[in-house]
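Colleague:
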Amino acid sequence: YARSVGLIDASAGIGASEDGAQMQGPRSLVTSDLVALNGAYSAARAARVAAEQRWRQAQQSDLMSLPEVQADPTYARTLEARTQVASEYAKQRPVQKPDFPAVQQLGAQLTSLDRDLTHIAAAVRSSIRDRYQTALRQEEALAANVVALKRDTQKEDRKSTRLNSSHRCISYAVFCLKKK
Numbered sequence: 001y002a003r004s005v006g007l008i009d010a011s012a013g014i015g016a017s018e019d020g021a022q023m024q025g026p027r028s029l030v031t032s033d034l035v036a037l038n039g040a041y042s043a044a045r046a047a048r049v050a051a052e053q054r055w056r057q058a059q060q061s062d063l064m065s066l067p068e069v070q071a072d073p074t075y076a077r078t079l080e081a082r083t084q085v086a087s088e089y090a091k092q093r094p095v096q097k098p099d100f101p102a103v104q105q106l107g108a109q110l111t112s113l114d115r116d117l118t119h120i121a122a123a124v125r126s127s128i129r130d131r132y133q134t135a136l137r138q139e140e141a142l143a144a145n146v147v148a149l150k151r152d153t154q155k156e157d158r159k160s161t162r163l164n165s166s167h168r169c170i171s172y173a174v175f176c177l178k179k180k
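Encoded structure:
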């Protein structure tokens, strides 16, 4: 009966669970999968919570002051270029008229670099959001798998109950036959 309904004891040779506690009774493949998946789900939930907290902080923080933005190499290079152009612009402004081509060119470069810095910072913040959304989708997928395995475990428990009942009937019949 056990083979025909797919009841497989996966606990053969295992005397203790992962946390060191003694296991009680046989452990099926579905139950083993559920235990493993539940651990993965817990880790995914912790990762999602951390990613969500980071995303909420990023939403509430000044875009340019985000640590991830400050650490971004492209942002750093662009900021360095902007600093150099701003320095040259500051030198030229008092000496040249605002409509002087070199001053206008430096002003345009500053505007362009400021726009680039904003785009880079926005992309970094967007990547923080993307990491949160990815963590959320992973958690949701694992949660759905846990629910499905719980249903499978309940079905398996009903089959196991029938198997145990059959074992008791057979054991009683053997006992009765031995008494005769």
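In the numbering used here, the protein residues as written are 1 to 180.
For each residue, glycine too, the CB sits at the ideal point set by N, CA and C.
None of these values were measured; they are calculated from a predicted model.
Would you check if there are 3 or more beta carbon pairs closer than 8 Å linking the segment 121-136 to the segment 58-73?
Modeller: With a cut-off of 8 Å, the segment 58-73 and the segment 121-136 count as touching, because enough Cβ pairs lie within range.
Colleague: What whole-angstrom Cβ distance do Trp55 and Arg137 have, given they're in contact under 8 Å?
Modeller: The Cβ separation is near 14 Å, so there is no contact.
Colleague: Could you tell me which of Thr78, Asp72, Ala36, Ala108 sits nearest to Tyr89, measuring between CA atoms?
Modeller: Nearest option by C-alpha distance: Ala108.
Colleague: Given this structure, state the Cα-to-Cα distance separating Thr83 from Gln60, to the nearest angstrom.
Modeller: Distance between the alpha carbons of Thr83 and Gln60: 27 Å.
Colleague: Pick helix, strand or coil for Ser61, following the three-state DSSP scheme.
Modeller: Correct three-state label for Ser61: coil.
Colleague: For Ser87, does the count of other Cβ atoms within 10 angstroms reach 16, so buried, or fall short, so exposed?
Modeller: With fewer than 16 Cβ atoms within 10 Å of its Cβ, Ser87 is classed as exposed.
Colleague: To the nearest angstrom, report how far apart Asn38 and Val174 are at their CA atoms.
Modeller: For Asn38 and Val174, the distance between alpha carbons rounds to 41 Å.
Colleague: Buried or exposed for Ile170, going by 16 or more other Cβ atoms inside 10 Å?
Modeller: That one is exposed.
Colleague: Alpha carbon to alpha carbon, what distance is there between Leu79 and Gln154?
Modeller: Going by the C-alpha atoms only, they are around 60 Å apart.
Colleague: With a cut-off of 8 Å, do at least 3 Cβ pairs link the segment 43-52 to the segment 134-151?
Modeller: As far as the Cβ criterion goes, the segment 43-52 touches the segment 134-151, which means the pair count is three or higher.
Colleague: Can you have a look at Thr118 and say buried or exposed, based on whether 16 or more other CB atoms are within 10 angstroms of its CB?
Modeller: Thr118 is exposed by the Cβ-count criterion.
Colleague: Applying the criterion that 16 or more other CB atoms from any shown protein chain within 10 Å of the CB defines a buried residue, is Ser165 buried or exposed?
Modeller: Exposed is the call here.
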